[in-house]
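Heads up: the sequence shown at position 159 corresponds to 165 in my numbering, and the numbers run straight through without jumps. We treat Cβ as the ideally placed atom computed from N, Cα and C, and that holds for glycine. Fair warning: this is a prediction, and the values are worked out from it, not measured in the lab.
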Amino acid sequence: RCDEVKSLRKIRDALSGKEGIDFEYPRLLHGGCVKLWTGATDRDGKSILIADDTDNLYRDLPITTTTTGNDGGNNDGGSGGPAPVWPSREHRRIVIGSVGESLRSLKSVPELIIVLRDAMKCHSVILSECGILHRDISTNNILVVRPESGCVRGMLIDFDCAVDMEGSEGEARTEMIGTHPFMSVLNLEDSSVKRTALDDWESLLY
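1. DSSP state of Met-1, grouped into three classes?
2. Where does the unbroken beta strand (DSSP E) through Arg-159 begin, and where does it stop?
3. Closest by CA to Pro-32, which one among Asp-164, Trp-207, Ser-190?
4. Sort out for me which residues DSSP pairs Val-150 with in a bridge.
5. Less than 8 angstroms between C-beta atoms, sequence neighbours within five positions excluded: which residues of the same chain meet that for Val-131?
6. Report yes or no: do the stretch 132-150 and the stretch 11-20 share at least 3 C-beta pairs separated by less than 8 angstroms?
7. Using a Cβ-Cβ cutoff of less than 6 angstroms, which residues in the same chain neighbour Val-199 once the five nearest sequence positions on both sides are dropped?
8. Express the C-alpha separation of Ser-108 and Asn-146 in angstroms, rounding to a whole number.
9. Taking DSSP's pairing of strands, which residues face Gly-26 in a bridge?
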């Protein structure tokens, strides 16, 4: 999965202050990711565990390596070279500017139409302006926002399945991903065809 905080920062930087933004979008106020290591050891054989604390939100953790033999014990292809030891846990903290409610709080069909329209308008603008494809349209990822003045609005959230179409990760986007009941047919079939915005629009129908 992608770095959700990185995606939200890109969205914030691209849309903040931009004219014509008449919809709610997840405005990142603060976010970070703490990576916890388990099962890895340092050169002295001591277990590596990075504490889940605020200090670690602001720095990247180094990827250590282990030297393996030719017995394939660490699945490095039998080369005997160094193999990476990757973080096996992540703790994300994200604070966004708008507060919303579940779709269950909707009071009428017109409100539902407005909220879904806003969410998919947000989806389209983020794709065109930021190059980020959401890939997880579901009932849990659309919030109802009720401003003190004005009509109900919809907001698309949860970009932890998103892919940056402008980066290298956008070249390989054929994996099955998202919330199962709302996946497109291509997604459910684990097709080799690359996912596009049309898969997200199909998810909206479900």
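If we stick to the structure as given:
1. Past the edges of the chain, shown from 7 to 212, lies residue 1, and the structure says nothing about it.
2. 159-162
3. Measuring C-alpha to C-alpha distances from Pro-32 to each of Asp-164, Trp-207, Ser-190 identifies Asp-164 as the nearest.
4. Glu-107, Gly-160
5. Leu-21, Ile-27, Phe-29, Tyr-31
6. At 8 angstroms Cβ cutoff, the stretches touch.
7. Leu-192
8. 7 angstroms
9. DSSP lists no partner for Gly-26.
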